[in-house]
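Numbering (our numbering), first residue to last: 1493 to 1631.
Structure below.
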């Protein structure tokens, strides 16, 4: 479906064991979130066939995005929790990422009522947290 805007921002994603890692460069818009969701769906569907997984999103440059992008992310997170075997989500953004202090409360809303979530300054801490969640489930 055509959208009125081109995707702003960029991302790369890969799987490390039972962890899906997204490297996101912002700022971004809903169109980028839509592309990200399609890629995440493929990875999550593949992993869910054999057990749970955890998502880690590592944000670079800027956390800024419009409300419709946040809403699209919430929908993707809830879908992953309910239908694709996600047992947790971590967000990584070092203190120098633009908009971190402003946007963190908005990002917290994405995860309310769902699986465990946590925010970290570095990828190693987020990975350790994700591995502990998986280990608690026997993975």
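Cβ coordinates follow ideal geometry from the N, Cα and C atoms, glycine included. Note that this is a predicted model, so its numbers are computed, not measured.
Rank the options by C-alpha distance to the C-alpha of residue i and give the top, closest one.
i            : options                   : result
residue 1549 : 1612, 1627, 1631 and 1629 : 1612
residue 1500 : 1507, 1509 and 1558       : 1558
residue 1618 : 1552, 1507, 1583 and 1508 : 1583
residue 1554 : 1587, 1513 and 1610       : 1587
residue 1528 : 1519, 1502 and 1538       : 1502
residue 1534 : 1614, 1609 and 1575       : 1575
Can you tell me whether residue i is buried or exposed, with buried defined as 16 or more other CB within 10 angstroms of its CB?
i            : result
residue 1569 : buried
residue 1544 : buried
residue 1497 : exposed
residue 1493 : The pLDDT assigned to residue 1493 is 49, lower than 50, so where the model puts this residue is not dependable, and the model offers no usable value.
residue 1525 : buried
residue 1604 : exposed
residue 1596 : exposed
residue 1507 : exposed
residue 1510 : buried
residue 1598 : exposed
Helix, strand or coil for residue i? Go by DSSP, reduced to three states.
i            : result
residue 1504 : strand
residue 1514 : strand
residue 1499 : coil
residue 1534 : helix
residue 1576 : coil
residue 1590 : strand
residue 1585 : coil
residue 1554 : strand
residue 1610 : strand
residue 1541 : coil
Quick one, are the C-beta atoms of residue i and residue j less than 8 angstroms apart?
i            : j            : result
residue 1556 : residue 1590 : yes
residue 1541 : residue 1572 : no
residue 1504 : residue 1561 : no
residue 1546 : residue 1625 : yes
residue 1580 : residue 1622 : yes
residue 1551 : residue 1585 : yes
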